[in-house]
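Numbering (UniProt numbering), first residue to last: 1 to 273.
Every residue gets a Cβ at the ideal spot worked out from N, C-alpha and C, and that includes glycine.
What follows is a set of notes on a single structure, which appears directly below.
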Ligand SMILES: [Zn+2]
């Protein structure tokens with residue numbers, strides 16, 4: 001046993017005391033059990049803020065602070081308020097890819113409208129043969145997915161002969177994603193080492209996530225990146241993680257509450273994401 005001294009919010013402490021007395025146990029035991037639970041389940045858990053339908057309908061206001069998001073994972077992707085670039089989360093740091101493909105590491109505390117993260121713990125690693133396009137890479141990853149009904153994280157590393165990527169430009173609130181995407185910029189990187197952060201999501205998830213593969217690129221020197229449209233490489237190293245526990249935090253204020261989210265976003269997502 002070890003002794004842990006921690007500072008928690010007054011409200012958390014009060015909740016803990018009430019719950020402990022209701023269960024006839026000590027604050028120490030209950031806090032220890034809750035912490036144990038948090039770490040035990042982490043390997044297959046993903047966390048998401050807001051939904052892809054909200055993004056499609058133009059809900060781009062922040063709904064979680066960057067520091068809080070990082071408590072839920074160290075690996076992921078998303079976007080920024082007013083669609084100000086593509087988000088890549090790698091090794092616990094958040095990177096903002098601006099519409100010119102240049103990258104800014106964000107260590108400040110800011111609000112995020114949409115993101116998906118996990119605590120990356122690969123179950124298996126494998127190497128690919130020659131990858132001539134994104135379809136090749138997806139087919140190789142397909143062979144390492146056990147099911148079409150679970151979610152997966154893929155961490156892809158290596159030297160890329162070519163990466164074709166894009167990044168969105170900032171837009172005003174309420175402009176639908178399909179219109180916002182018209183202002184996106186595309187660029188090509190050649191002979192670059194780096195990482196692809198990827199989630200694969202089942203077709204049934206289109207109302208809240210992005211079905212299929214979703215790759216974001218970050219170069220090894222952290223200077224270039226973007227949402228991946230195409231890729232070419234001699235060989236790549238890939239780690240895979242199965243995700244079957246899924247927390248979605250919905251925004252509890254702002255335009256998310258009043259926007260009509262009843263439309264099926266599948267076709268817009270297929271075009272824009
Ligand atoms: Zn993307």
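Item to check | Under the three-state DSSP convention, the category residue 144 falls into | outcome: Indexing the chain shown from 1 puts residue 144 at position 144. Residue 144: coil per DSSP, three-state reduction.
Item to check | For review: beta carbons within less than 7 Å of any heavy atom in ligand 1 | outcome: Every residue passing the under-7 Å Cβ criterion appears here: 77, 86, 214, 216, 227 and 273.
Checklist entry - Buried or exposed: which applies to residue 247, given that a residue is buried once 16 or more other Cβ atoms fall within 10 Å of its Cβ? => result One-based indexing of the chain shown puts residue 247 at position 247. Exposed: under 16 other Cβ atoms inside 10 Å.
Next on the checklist: Do residue 116 and residue 76 count as a contact pair if the criterion is CB distance below 8 Å?
Outcome noted: Counting from 1 along the chain shown, the entry for residue 76 is found at position 76. Counting from 1 along the chain shown, the entry for residue 116 is found at position 116. Taking a C-beta distance under 8 Å as the contact criterion, residue 76 and residue 116 qualify as a contact pair.
Checklist entry - Where does residue 15 fall in DSSP's three states? => result Here residue 15 corresponds to residue number 15 of the chain shown, with the count starting at 1. Helix, per DSSP.
Checklist entry - Which stretch, first to last residue, makes up the alpha helix (DSSP H) that contains residue 176? => result For the purposes of this step, residue 176 is taken as residue 176 along the chain shown, with counting starting at 1. For residue 176, there is no enclosing alpha helix (DSSP H), as DSSP marks it with neither H nor E.
Next on the checklist: Please return the same chain residues whose Cβ sits closer than 6 Å to the Cβ of residue 174, not counting the five positions on each side in sequence.
Outcome noted: Here residue 174 refers to the residue found at position 174 of the chain shown. A distance below 6 Å between beta-carbons, with the five flanking residues on each side excluded, links residue 174 to the following residues of its chain, in chain order: 58.
Item to check | Inter-residue Cα distance where the pair is residue 230 and residue 136 | outcome: Along the chain shown, read from residue 1 onward, the residue named residue 230 stands at position 230. Along the chain shown, read from residue 1 onward, the residue named residue 136 stands at position 136. Taking the Cα positions, residue 230 is about 10 Å away from residue 136.
Checklist entry - On the three-pair Cβ rule with 8 Å, is the region 220-227 touching the region 15-32? => result Using a Cβ-Cβ distance cut-off of 8 Å, the region 220-227 and the region 15-32 are not in contact, since fewer than three pairs of beta carbons, one from each stretch, lie closer than that value.
Checklist entry - Can you check whether the CB of residue 99 is closer than 8 Å to the CB of residue 185? => result Position 185 of the chain shown, counting from 1, holds the residue named residue 185. Position 99 of the chain shown, counting from 1, holds the residue named residue 99. Yes, the Cβ-Cβ distance between residue 185 and residue 99 is below 8 Å.
Item to check | Extent of the continuous beta strand (DSSP E) run through residue 56 | outcome: Working through the chain shown from its first residue, we reach residue 56 at position 56. Here residue 56 belongs to no beta strand (DSSP E); instead the alpha helix (DSSP H) covers 52-56.
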